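Asker:
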Amino acid sequence: MKYKDYYATLEVPRDADADAIKKAYRRLARKYHPDVSTESGAENRFKEVTEAYETLRDPEKRAAYDALGQRRPGEEMHPQPDWGEQFGAGGFEGFGGDADLADLLAALAARHAGQGRGPQHGRDYDLSAAISLEDAHRGTHLQLQLQRPDGPQTLQVTVPAGVTQGQKLRLRGQGGKGARGGADGDIYVHLELLPHPRYRVQGKDLSFDLPLAPWEAALGAEVRVPTLDGDVMMTVPPGSHSGRKLRLRGRGLGSGNKRGDLYAIVTIDVPGTLTPREKELFTALANESRFDPRSNLEEKQS
Amino acid sequence: MTSAVEHLEAGDEVLRADEFARIAGLQESQVRELLDYQLLSAPRLDMRTAFALREANRIGRDFDLDLFSVGLLAGYLRRIEGLESEVQWLRAERPARAVYTEVSFTSVELHSHR
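Chains P and G, in that order, are what the protein sequence lines are. FYI, our numbering numbers position 200 of the first sequence as 201, with every residue one higher than the one before it. FYI, our numbering numbers position 9 of the second sequence as 47, with every residue one higher than the one before it.
1) Since P:K169 is in the beta strand (DSSP E), which residue starts that stretch and which ends it?
2) Quick check: P:T268 and P:L249, are their CB atoms within less than 9 Å of each other?
3) Given that a residue counts as buried once 16 or more other Cβ atoms are within 10 Å of its Cβ, and exposed if not, what is G:N95?
4) Do P:F47 and P:A25 have their C-beta atoms closer together than 9 Å?
5) Are the beta-carbon atoms belonging to G:A90 and G:L115 less than 9 Å from one another?
6) Which residue's Cα is closest to the Cα of G:L72: G:R129, G:F106 and G:V125?
7) In the DSSP assignment, the alpha helix (DSSP H) including P:A265 goes from what residue to what residue?
8) For the alpha helix (DSSP H) containing G:M85, list its first residue and its last residue.
9) Mind reading off the beta-carbon distance from P:G183 to P:Q81? Whole number of angstroms is fine, and I expect it under 8 Å.
10) Answer yes or no: does any C-beta atom of chain G fall closer than 9 Å to that of P:S41?
11) Check the Cβ of G:Q126 against every Cβ in chain P and list those closer than 9 Å, keeping chain order.
12) What does DSSP give as the partner residues of P:D127 in its beta bridges?
13) Please list the terminal residues of the continuous beta strand (DSSP E) segment that includes G:G120.
14) Do the stretch 140 to 150 of chain P and the stretch 207 to 222 of chain P make contact, defined as three or more Cβ pairs closer than 8 Å?
15) In the structure shown, what three-state DSSP assignment does P:K5 receive?
16) Check whether the Cβ atoms of G:R99 and G:I61 sit closer than 9 Å, and answer yes or no.
17) May I ask whether a heavy atom of the ligand FAD can be found less than 8 Å away from the beta carbon of P:A43?
18) Report all residues from its chain with a CB closer than 8 Å to the CB of P:A9; omit the five preceding and five following residues, and keep chain order.
19) In whole angstroms, give me the CA-to-CA distance for P:R72 and P:D36.
20) Taking the alpha-carbon positions, what's the P:Q154 to G:R70 distance?
21) Mind checking which residues open and close the alpha helix (DSSP H) that includes P:K178?
22) Give the single residue among P:Q203, P:Y4 and P:L282 whose Cα lies nearest to the Cα of G:T122.
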């Protein structure tokens, strides 16, 4: 078993009090936590810091650790024969030469905790997966890697059709084993939707921009639009101004009668350059029409 | 390994206290403590809050926060989630394509109306 210097890891003297240990841990956790640190190797450093703190914060574990004496980090060590009995961890001899110091101390703590305690719920695991909108709509199978204490495990998870952004899946009882009659833990899979080049997601509803030519917007039109279930012909009502939302009921995400809607948001597009004939026609329309799209603007100003 | 999955909708329906505690990763006694602190209210024992507490609890373990701080953090996480979904809604409402062009202009004199 290799010795680890938990005091050095937390950068505190061996006689540091509980408050100093807590402060040191919080400072280092803030520095190395994977959620906030961009330093390379931060995650491993955070694990080391957490392991050290888990021992030094607990007076019984700290006393047991201190009784091992101070050594060089990485030095091979074997606890004294009476160490296990002194700290209620009789039978620690079962830990082989390649055992981990943290496992030994955790076993000691678990043995203490087991005396007079009730059922203990098994450990839960949280996994994240990003899936495409199409997979969310049709359902898919995911292969996820789970790091269990006894080694990595590959999970095949069936994602049902119709999941939405932020949806959670639970694999009940597939987490860590419960103790003393406690239920086994669960695995939670947190689903995120990958950005889609066309659709924007609002819960179960989807929206996309529908570019229309000025005459299509003014006169109405039948236009072909894409949906997750294939293309459809959509009726654009005459007089569709920019920003109008045209709803295709039940063409959003979800399944059965809980399906969301698909919204086509009208944007009016014009040709970048006009042919002479187009210019002539637009000029004739401009001269003929009495439509003033800025009438509201002028009323507000006056 | 293949396993049947439960589909957890992040909705607003109220959960049983034991189910809420299980999802939040807390003991039922800790849920009661948060209710006593008024950081939770009985009508808010829903899936959304349970997952906010689960995330807060994870951060709380990593940073050695007490239960009161975890409860406060969960409240802020819920607010952030609500604001994120509002931003997502607003983004979906406006056209994705916006072209900005610098244009010339001239001032217009104001005429007095009689």
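Yeah, the Cβ is synthetic: ideal placement off N, Cα and C, and Gly gets one too. No experiment lies behind these values; they were computed from the predicted model shown.
Answerer: This is what the structure gives:
1) K169 to L172
2) no
3) buried
4) no
5) yes
6) G:F106
7) Looking at the DSSP string, P:A265 is not in any alpha helix (DSSP H); the run it does join, the beta strand (DSSP E), is L263 to I269.
8) M85 to D100
9) Between P:Q81 and P:G183 the Cβ distance is about 34 Å, and since that is not below 8 Å, they are no contact.
10) no
11) Q166, R201, V202, Q203 and G204
12) P:Y189
13) Counting along the chain, G:G120 falls outside any beta strand (DSSP E), though it belongs to the alpha helix (DSSP H) covering L105 to E131.
14) no
15) coil
16) no
17) This structure lacks the ligand FAD; in fact it carries no ligand of any kind.
18) P74
19) 33 Å
20) 36 Å
21) Counting along the chain, P:K178 falls outside any alpha helix (DSSP H), and DSSP gives it neither H nor E.
22) First, the amino acid is wrong: residue 122 of chain G is Glu here, not Thr. Closest by alpha carbon: P:Q203.
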